[in-house]
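S.K.:
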Amino acid sequence: MTGTFRFSFGPWNIHEGADPFGPMVRDSIEFNKKIAVYKEMGFDGVQFHDDDAVPNMNDLSADQITKEAKTVKAKLEDHGLTPEFVAPRLWENEKTIDGGYTSNCPKCREYALERSKRTIDIAKALGTKNIVLWLAREGTYIREAKDSVRATEQIAEALQMMLDYDPEIRIMIESKPNEPMDHTYIPTIGHAIGLGLLTNAPERVGCLIESAHAILAGLDPSDEMGYSLAHKKLWSVHLNDQNGLKFDQDKSFGSVDLRRAFNQVRILDQHGFGNNGEWVGLDVKAMRTQKAEVATKHLSNSRTIFLKLLEISRSLDSDKINAMIAERDYEELDLYIMQSLLGR
Ligand code: XUL
Ligand code: MN
2 MTGTFRFSFG PWNIHEGADP FGPMVRDSIE FNKKIAVYKE MGFDGVQFHD DDAVPNMNDL
62 SADQITKEAK TVKAKLEDHG LTPEFVAPRL WENEKTIDGG YTSNCPKCRE YALERSKRTI
122 DIAKALGTKN IVLWLAREGT YIREAKDSVR ATEQIAEALQ MMLDYDPEIR IMIESKPNEP
182 MDHTYIPTIG HAIGLGLLTN APERVGCLIE SAHAILAGLD PSDEMGYSLA HKKLWSVHLN
242 DQNGLKFDQD KSFGSVDLRR AFNQVRILDQ HGFGNNGEWV GLDVKAMRTQ KAEVATKHLS
302 NSRTIFLKLL EISRSLDSDK INAMIAERDY EELDLYIMQS LLGR
């Protein structure tokens, strides 16, 4: 089996370059200008946070939000683009300081649930059934701040509320072990898949694997992908790269460890990723040093590297590989893979 690959990214991946130690270094580009460059770079899908689609949503009624989202749908159609998913942004508002669904403040938890319903309304208006949950602040800075049993139940209850609110949607959980929190409650893809089992519709709960998040958990992204593919739960990916255990870097795909990137491409291709409409999403950041005119190269380069690695993966001689595996000659296999990546 081979995969079918279409590419997507979110408008936040074309960004101004601010970091915790310095301000923006590039001007903001309006949404209309961003969506105009997708197709020319070979991307057909758009990923959204709820307020990427409806920026001032907290000041609008539910009806106004839906109306606004429909205008975005029309813009996507004008550019021949497909919305892949919508994710509630539950980490910037003052009411989400201590988390969304697991906040210790009941009114704040209510805010998180209401906001999630509006996210679903936006997804419906845009024309996608996919909701992504990156559970950014569902965790703690100190263990004693929350009860991990209750917190897990609260996240599962939030999932259940969303599944009940719209029987058409499906939820993809994007796990991440830390940042902004010291520890989060859903650090790996095994946790994400397990969480679905606490709802009455686990078949509607899957996952999105981000390469850097797996690496931050000390895991190999391709093995995380393999685990979720075996569960038929890998419904999207955020490919990128990460240089060791530090802040979430969102580097261009393959730019740190080409072989680690190769193995992600290979497992996706060998197990038919994309054949049920899954997208290859990129969650990459341009280097802060990049000038505005060339601050989309991280996206096009990541796509180029994916396609080159796909070509290499498909060119490998499987009889040769199987013979080396049968002989347990993994040193020879190691060399064969490295020579293939070096182009000789
Ligand atoms: C955070 C992250 C987010 C999600 C979308 O690390 O990766 O951009 O992908 O909410
Ligand atoms: Mn991501």
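Under my numbering, the first residue of the sequence shown carries the number 2, and numbering increases by one thereafter.
From the three backbone atoms N, C-alpha and C, an ideal C-beta is built for every residue, glycine too.
Please read these numbers as outputs of a predicted model, since none were measured by experiment.
Do Thr67 and Ala126 count as a contact pair if the criterion is CB distance below 8 angstroms?
M.R.: Yes, they are a contact pair.
S.K.: Can you tell me which residues form a DSSP beta bridge with His184?
M.R.: Note: His184 sits in a beta bridge opposite Thr141.
S.K.: Among all the DSSP beta bridges, which residues are the ones paired with Glu211?
M.R.: His239.
S.K.: Could you give the C-beta distance for Ile156 and Tyr112, rounded to a whole number, given that I count them as a contact under 8 angstroms?
M.R.: In fact, because the Cβ distance is near 15 angstroms, the residues do not count as touching under 8 angstroms.
S.K.: At a threshold of 7 angstroms, does Glu93 count as lining ligand 2 (C-beta to nearest heavy atom)?
M.R.: The answer is no for Glu93.
S.K.: Taking C-beta to C-beta, are Ala70 and Val47 nearer than 8 angstroms?
M.R.: Their beta carbons are not under 8 angstroms apart, which means Ala70 does not touch Val47 by this criterion.
S.K.: How close, in whole Å, do the beta carbons of Glu175 and His239 come, if the pair is a contact with beta carbons under 8 angstroms?
M.R.: Indeed they touch by this definition, with Cβ atoms about 7 angstroms apart.
S.K.: Using 8 angstroms for Cβ pairs, my map puts Trp258 next to Asp242. What's the rounded Cβ distance?
M.R.: First, the amino acid is wrong: residue 258 is Asp here, not Trp. Right, their Cβ atoms sit about 7 angstroms apart.
S.K.: Could you name the residues of the same chain whose beta carbon sits closer than 8 angstroms to that of Asp122, not counting the 5 residues immediately before and after it, in chain order?
M.R.: For Asp122, where only same-chain residues beyond five positions count, the Cβ hits under 8 angstroms are Ala63, Ile66, Thr67, Ala70.
S.K.: Heavy atom of ligand 1 less than 7 angstroms from the Cβ of Val47, yes or no?
M.R.: No, the Cβ of Val47 stays beyond 7 angstroms of every heavy atom of ligand 1.
S.K.: If you measure between the beta carbons of Leu310 and Gly255, is that distance less than 8 angstroms?
M.R.: Yes, the Cβ-Cβ distance between Leu310 and Gly255 is below 8 angstroms.
S.K.: Quick one: does the C-beta of Trp280 sit closer than 7 angstroms to a heavy atom of ligand 1?
M.R.: No.
S.K.: Would you identify the three-state DSSP class for Gln155, choosing helix, strand or coil?
M.R.: Gln155: helix per DSSP, three-state reduction.
S.K.: Give the DSSP-derived three-state secondary structure of Met173 in the structure shown.
M.R.: Residue state, collapsed to three classes: strand.
S.K.: Which stretch, first to last residue, makes up the alpha helix (DSSP H) that contains Gly197?
M.R.: Where Gly197 is concerned, the enclosing alpha helix (DSSP H) stretches over 190-197.
S.K.: Rounded C-beta distance between Arg1 and Trp280? I'm assuming under 8 angstroms.
M.R.: The first residue shown for the chain is 2 and the last is 345, placing residue 1 beyond what the model contains.
S.K.: Is Lys286 buried or exposed, if buried means 16 or more other CB atoms sit within 10 Å of its CB?
M.R.: Classification for Lys286: buried.
S.K.: With 16 as the cutoff for other CB atoms within 10 Å, does Asp284 come out buried or exposed?
M.R.: Buried, because 16 or more other Cβ atoms sit within 10 Å of the Cβ of Asp284.
S.K.: Given this structure, state the Cα-to-Cα distance separating His50 from Phe86, to the nearest angstrom.
M.R.: Rounded to whole angstroms, His50 to Phe86 spans 8 angstroms at the Cα level.
S.K.: Taking 7 angstroms as the cut-off, is the CB of Trp236 close to at least one heavy atom of ligand 1?
M.R.: For ligand 1, not one heavy atom lies less than 7 angstroms from the Cβ of Trp236.
S.K.: Can you tell me where the beta strand (DSSP E) with Leu283 in it begins and where it stops?
M.R.: Unbroken beta strand (DSSP E) run through Leu283: 280-283.
S.K.: Quick check: the Cα distance between Ser117 and Met163, rounded to an integer number of angstroms?
M.R.: Roughly 7 angstroms separates the two Cα atoms.
S.K.: With 16 other CB atoms within 10 Å as the buried threshold, where does Gly11 fall?
M.R.: Buried, by the Cβ-count rule.
S.K.: Could you tell me which of Ser149, Met182, Thr305 sits nearest to Phe248, measuring between CA atoms?
M.R.: Cα-wise, what sits closest to Phe248 is Met182.
S.K.: Using the Cα positions of Ile326 and Asp318, report the straight-line distance between them to the nearest angstrom.
M.R.: Rounded to the nearest angstrom, the two C-alpha atoms are 12 angstroms apart.
S.K.: Measure the C-alpha to C-alpha separation of His16 and Glu31 and round it to an integer number of angstroms.
M.R.: One C-alpha to the other measures close to 10 angstroms.
S.K.: Using DSSP with H/G/I as helix, E/B as strand and the rest coil, what is Ile66?
M.R.: Helix.
S.K.: Mapping DSSP to helix, strand and coil, what is Trp135?
M.R.: Reduced to three states, the DSSP call for Trp135 is strand.
S.K.: For Thr290 and Asn201, I'd like the C-alpha separation in whole angstroms.
M.R.: Between Thr290 and Asn201, the C-alpha separation is close to 48 angstroms.
S.K.: Across which residues does DSSP place Ala1 in a beta bridge pair?
M.R.: Because the chain here runs from 2 to 345, residue 1 falls outside it and cannot be looked at.
S.K.: Got a sec? Which residues, its chain only, sit under 8 angstroms from Leu196 by beta carbon, not counting five neighbours each side?
M.R.: Contacts found: Thr153, Ile156, Ala157, Leu160, Ile174, Ile187, Val206.
S.K.: Which residue's Cα is closest to the Cα of Leu217: Asp53, Ile190, Met339, Asn264?
M.R.: Measuring from the Cα of Leu217, the nearest candidate turns out to be Ile190.
S.K.: Who pairs with Thr83 in a beta bridge, going by DSSP?
M.R.: Paired residues: Gly46.
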